[in-house]
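Q: So that we are looking at the same thing, I have put the structure below in structure tokens.
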Amino acid sequence: ADPLRTLAAAKGKFIGTAVATSPLANETAYRTIAAQEFNQVTAENAMKWDATEPSDNQYNFTGADQVVAFAQANNQIVHGHTLVWHSQTPSWVQSLSATAMKAAMLDHIATVVGHFANNSAVQSWDVVNEVFDESGGYRTSFWYNTLGSSFIADAFRAARAADPDAKLCINDYNVEGINAKSTAMYNLVSTLKSQGVPIDCVGFQSHLATQYGFPGQVTENVARFAALGVQVRFTELDVRIVLPADASEITTQNQYYTNIINACLASTACPGVTIWGFTDKYSWVPDTFPSEGQALIYDAGYNAKADYTAIATALGGT
Ligand code: G3I
9 ADPLRTLAAA
19 KGKFIGTAVA
29 TSPLANETAY
39 RTIAAQEFNQ
49 VTAENAMKWD
59 ATEPSDNQYN
69 FTGADQVVAF
79 AQANNQIVHG
89 HTLVWHSQTP
99 SWVQSLSATA
109 MKAAMLDHIA
119 TVVGHFANNS
129 AVQSWDVVNE
139 VFDESGGYRT
149 SFWYNTLGSS
159 FIADAFRAAR
169 AADPDAKLCI
179 NDYNVEGINA
189 KSTAMYNLVS
199 TLKSQGVPID
209 CVGFQSHLAT
219 QYGFPGQVTE
229 NVARFAALGV
239 QVRFTELDVR
249 IVLPADASEI
259 TTQNQYYTNI
269 INACLASTAC
279 PGVTIWGFTD
289 KYSWVPDTFP
299 SEGQALIYDA
309 GYNAKADYTA
319 IATALGGT
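All letters in the sequence shown, in the order written, are residues 9 to 326 by the working numbering.
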């Protein structure tokens, strides 16, 4: 059977995975599947602020470079994740004054994006991540509390200056369907576009759960963002289940994977789908939701699950 990346490429799409540096360095099965099945990768943690600039102006690209080298060796494109986020950002940043925080942000973006600007594999960035709360207000993060919402436009302008060719994205969760949060994101993207702020894409993280149902009006939501002239990417797809999983939940999970692939296939504005890892051996889900899991498309022993087949079938595989 054709690997997922071959099927996706035939549809003009990428199919990607998040990768973690430790198994990438240490496990042959992990490397083999990541290379064979995917034509796009995102660093699960290695490009975040705590990894790339743990102390002020002390940059470390060890893990990030490892991920990019793997991608280049396997003819994969790389999505940079993430420049400005409230999580996994060192405490030295969080306690700065407004003037110093803005300067640190601009320096961080210039340096991290600049590090990869001449690397043809690195083609896009999550510039700001998770800036909204569930009701559609701005998240009251240290970024917002210190700088107000202006940090968002400033971050996009700095990223464009550092790499004029990279696609620049805003990324969030619970924005896959039409709701208060996705409408806030829509209104922000519309405003940024009207102000000439360089924004090229929105990321729908797509951390789904069978217990909560499939988001409503995903196709319509993709279409309204596409009408603003931005790409829509599904950036962190997984579908967690309350354990133990029963057969009907597995069927629901298969369907959710199919639905997201179909939503991307249905829009020329969607360049591809990234799954947030591929093996249940390495997933953020049990660490955050201890009673949930089995969210990915290979089991912990690297056997392809029915979700893999669902994706392959949606991509036209036989
Ligand atoms: O590297 C340290 C290690 O030194 C330490 O001993 C260990 C002890 O806990 O922690 C290790 O860091 C962990 C890190 O992953 C690397 O494994 C952190 O504790 C852990 O919190 C961190 O979790 C990551 C999480 O983001 C943190 O916010 C997950 O791997 C990662 O999958 C998850 O990804 C996020 C996206 O970036 C944004 N959207 C949501 C998504 C899921 O939460």
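Here a beta-carbon is modelled for each residue, glycine too, at the ideal position from N, C-alpha and C.
Is the beta carbon of residue 292 within less than 6 Å of some heavy atom of the ligand G3I?
A: Yes, the beta carbon of residue 292 sits closer than 6 Å to at least one heavy atom of the ligand G3I.
Q: Please report how far the alpha carbon of residue 294 lies from the alpha carbon of residue 96, in whole angstroms.
A: Their Cα atoms are separated by approximately 18 Å.
Q: Rounded to whole angstroms, what's the CA-CA distance from residue 50 to residue 230? Just pull it up for me.
A: Their Cα atoms are separated by approximately 21 Å.
Q: So is the beta-carbon of residue 48 under 6 Å away from any non-hydrogen atom of the ligand G3I?
A: No - the ligand G3I has no heavy atom lying nearer than 6 Å to the Cβ of residue 48.
Q: The beta strand (DSSP E) with residue 247 in it runs from where to where?
A: Taken as a continuous stretch (DSSP letters only), the beta strand (DSSP E) holding residue 247 covers 239–250.
Q: Quick check on residue 233: does DSSP put it in helix, strand or coil?
A: Note: residue 233 maps to helix in three-state DSSP.
Q: Grouping DSSP H, G and I as helix and E and B as strand, with all else coil, what is residue 323?
A: Coil at residue 323, not helix or strand.
Q: For the ligand G3I, which residues have a Cβ under 7 Å from at least one heavy atom, in chain order?
A: Ordered along the chain, the selected set is 26, 28, 52, 53, 56, 89, 90, 95, 96, 137, 138, 181, 213, 215, 244, 284, 292, 295 and 296.
Q: The alpha helix (DSSP H) spanning residue 91 covers which residue range?
A: Run containing residue 91: none; DSSP gives neither H nor E here.
Q: Does DSSP classify residue 61 as helix, strand or coil?
A: Coil at residue 61, not helix or strand.
Q: Return the CA-CA distance between residue 311 and residue 291, expressed in angstroms with no decimal places.
A: Approximately 15 Å, taken between the alpha carbons.
Q: Looking at C-alpha atoms only, which residue of 280, 300 and 102 is the closest neighbour of residue 249?
A: That would be 300, whose Cα lies nearest to the Cα of residue 249.
Q: Run the CB neighbour count on residue 228, radius 10 Å, all protein chains shown included, and call it buried at 16 or more, exposed below.
A: By the neighbour-count rule (16 or more Cβ atoms within 10 Å), residue 228 is not buried but exposed.
Q: Which residues in the same chain as residue 218 place their Cβ atom closer than 6 Å to its Cβ, once the five residues preceding and following it in sequence are excluded?
A: Counting only Cβ-Cβ distances below 6 Å, and skipping sequence neighbours, we find 249, 257, 260 and 261.
Q: Assuming residue 265 contacts residue 319 under a Cβ cut-off of 8 Å, what Cβ separation, rounded to an integer in Å, is found between them?
A: Contact flag correct, Cβ pair sits at about 5 Å.
Q: How should residue 142 be labelled, buried or exposed, when 16 other C-beta atoms within 10 angstroms of its C-beta is the threshold for buried?
A: Label assigned to residue 142: exposed.
Q: Do residue 216 and residue 247 have their beta-carbon atoms positioned less than 7 Å apart in this structure?
A: Closer than 7 Å, so yes.
Q: Could you tell me which of 41, 225 and 288 sits nearest to residue 78, measuring between CA atoms?
A: Among 41, 225 and 288, the Cα nearest to that of residue 78 belongs to 41.
Q: If we require 3 or more residues per run, which beta strand (DSSP E) segments fall completely within the region 250–287?
A: Whole beta strand (DSSP E) segments, 3+ residues: 280–283.
Q: Quick check: residue 163 and residue 92, are their CB atoms within less than 7 Å of each other?
A: Going by C-beta atoms, residue 163 is nearer than 7 Å to residue 92.
Q: Excluding five sequence neighbours on each side, which residues of the same chain lie with their C-beta closer than 7 Å to the C-beta of residue 106?
A: 154 and 155.
Q: By the DSSP assignment, the beta strand (DSSP E) with residue 304 in it spans what residues?
A: First-last for residue 304: undefined, no H or E at that position.
Q: State the start and end residues of the unbroken beta strand (DSSP E) segment that holds residue 101.
A: Residue 101 -> not in any beta strand (DSSP E); alpha helix (DSSP H) instead, spanning 99–102.
Q: State buried or exposed for residue 220, treating a residue as buried only when at least 16 other CB atoms are found within 10 Å of its CB.
A: Exposed, since its Cβ has fewer than 16 Cβ neighbours within 10 Å.
Q: Roughly how many angstroms lie between the CA atoms of residue 175 and residue 326, to the nearest whole one?
A: Roughly 33 Å separates the two Cα atoms.
Q: Measuring straight from C-alpha to C-alpha, what distance separates residue 148 and residue 9?
A: Rounded to whole angstroms, residue 148 to residue 9 spans 48 Å at the Cα level.
Q: Tell me residue 146's beta-bridge partners as DSSP assigns them.
A: 140.
Q: Residue 117 lies in the beta strand (DSSP E); which residues open and close that run?
A: Unbroken run through residue 117 is the alpha helix (DSSP H), 106–124; no beta strand (DSSP E).
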